[in-house]
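Okay, structure first, notes after.
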DNA sequence: TCGTTATATATCGGGGCAATATATTTATTG
DNA sequence: CAATAAATATATTGCCCCGATATATAACGA
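Protein chains in written order, with the numbering used here: chain A, 1 to 181; chain B, 1 to 181.
Following this line, the structure appears as structure tokens:
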């Protein structure tokens with residue numbers, strides 16, 4: 001899913017400026033998509049050029065003028081066609097697991113710190129997702145499902161980290177010097 | 001984690017050509033890192049220029065000549081320093097969840113197909129990871145842990161998909177036309 | 001009042017990814 | 001047996017993405 005389609009997806013839910021689109025992506029998709037201004041602004045320029053969105057400048061008191069973008073009918077059709085043609089892929093990038101791959105090269109204290117940071121991160125993600133699902137009763141079933149999905153993954157991983165970290169540190173040390181008892 | 005550090009990590013485990021590095025990354029890191037030749041070859045050129053790796057051309061019978069790269073002492077030191085300085089981050093990109101976010105715009109049959117594809121994909125990933133962990137007794141504790149991590153996530157998500165898909169499809173349809181019984 | 005955060009748009013450089021080019025050999029399949 | 005596909009091997013290209021930075025204003029808190 002590229003930034004253009006991400007923008008069309010947000011504009012499907014209502015008009016927004018580039019700045020507001022970024023914030024909406026963070027609010028709505030943050031646990032499974034990300035992007036940046038360096039992608040959004042060029043994407044909006046291209047979408048405008050293609051006639052998939054239009055905009056009007058909205059002057060504000062005591063705020064910079066903003067460009068409010070609207071999805072055009074052509075944009076709505078194109079977005080639907082993209083949805084129909086998109087394969088349900090997933091990718092996971094983890095520097096944490098890369099580091100664990102080389103844990104035998106690192107000091108025990110460093111490994112302990114990495115495991116603790118990762119555990120804290122998973123707990124924090126889980127809390128955020130659970131708060132959203134509990135405090136927003138008007139979510140569509142699809143949106144609710146994306147939260148359930150994130151909660152299921154984070155819960156399972158948090159349980160693994162909590163049950164496995166101590167033994168793992170011992171195993172890494174044991175493998176380091178096989179001669180020591 | 002950028003492609004240069006990925007290459008150093010692989011070369012830490014033994015000498016290899018660019019082609020072999022790509023295959024080693026797929027074999028060893030595929031469930032949490034990815035890269036391509038378009039990144040690997042420029043990275044190796046840069047690493048050679050920096051003196052972090054060296055290479056010798058190895059002519060082969062009935063195969064193109066290959067450049068076999070070796071980690072230098074400077075490269076080993078630099079890789080260790082990178083490991084010590086890397087934050088244990090994680091990111092998840094899911095076109096599947098993006099599509100679920102807009103499930104109410106798609107025909108029921110399309111949604112059913114998406115859920116089935118995702119379920120099949122999770123099952124296949126789980127099978128691969130379980131086969132590796134069962135058939136490779138010589139893995140380091142860290143490597144074994146990365147597999148346990150992937151297995152835990154895939155198991156939890158597979159359970160969710162199997163228990164939730166049917167009801168989800170009904171809920172999406174029900175939300176589509178609130179007036180229909 | 002001084003630093004931080006928020007609103008708002010935009011560009012730049014380095015890097016990443018998918019596709020493509022080239023060449024040879026082995027394996028498969030009709 | 002011949003045609004085709006897949007594997008081995010290196011490399012480039014073009015498009016896209018991301019983090020950092022620039023610019024400007026204003027609200028907020030210490």
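Where a beta carbon is used, it is the ideal one built from N, C-alpha and C, also for glycine. All values derive from a computational prediction rather than experimental measurement.
Sequence-distant residues of its chain with Cβ nearer than 7 Å to residue i (five each side left out)
i, result
"residue 112/A", "169"
"residue 130/A", "151"
"residue 147/A", "129, 132 and 133"
"residue 33/A", "1, 6 and 25"
"residue 106/A", "none"
"residue 72/A", "51, 52, 53 and 54"
"residue 85/A", "none"
Residue j beta carbon less than 7 Å from that of residue i
i, j, result
"residue 141/B", "residue 118/A", "no"
"residue 4/A", "residue 47/A", "yes"
"residue 21/A", "residue 12/A", "no"
"residue 104/A", "residue 164/A", "no"
"residue 98/A", "residue 90/B", "no"
"residue 123/A", "residue 158/A", "yes"
"residue 55/B", "residue 67/B", "yes"
"residue 69/A", "residue 53/A", "yes"
"residue 83/A", "residue 102/B", "yes"
"residue 92/B", "residue 92/A", "yes"
Extent of the continuous alpha helix (DSSP H) run through residue i
i, result
"residue 148/B", "141-176"
"residue 35/B", "Where residue 35/B is concerned, there is no enclosing alpha helix (DSSP H), given that its DSSP letter is neither H nor E."
"residue 98/A", "95-101"
Residue i (DSSP reduced to helix, strand or coil)
i, result
"residue 87/A", "coil"
"residue 118/A", "helix"
"residue 71/A", "strand"
"residue 4/B", "helix"
"residue 137/A", "coil"
"residue 17/A", "coil"
"residue 12/A", "coil"
"residue 42/A", "helix"
"residue 81/A", "helix"
"residue 106/A", "coil"
Sequence-distant residues of its chain with Cβ nearer than 6 Å to residue i (five each side left out)
i, result
"residue 18/A", "40, 41 and 44"
"residue 125/B", "154"
"residue 115/B", "165"
"residue 31/B", "150"
Assigned exposure category for residue i - 16 Cβ within 10 Å defines buried
i, result
"residue 162/A", "exposed"
"residue 174/B", "exposed"
"residue 144/B", "buried"
"residue 23/B", "exposed"
"residue 1/A", "buried"
"residue 50/B", "exposed"
"residue 58/B", "exposed"
"residue 16/A", "buried"
"residue 77/A", "exposed"
"residue 37/A", "exposed"
"residue 9/B", "buried"
"residue 14/A", "exposed"
"residue 81/A", "exposed"
"residue 61/A", "exposed"
Element boundaries [beta strand (DSSP E), containing residue i]
i, result
"residue 56/A", "53-60"
Chain-order list of residues whose beta-carbon lies under 8 Å from that of residue i (same chain, five-residue window excluded)
i, result
"residue 167/A", "none"
"residue 108/A", "169, 172 and 173"
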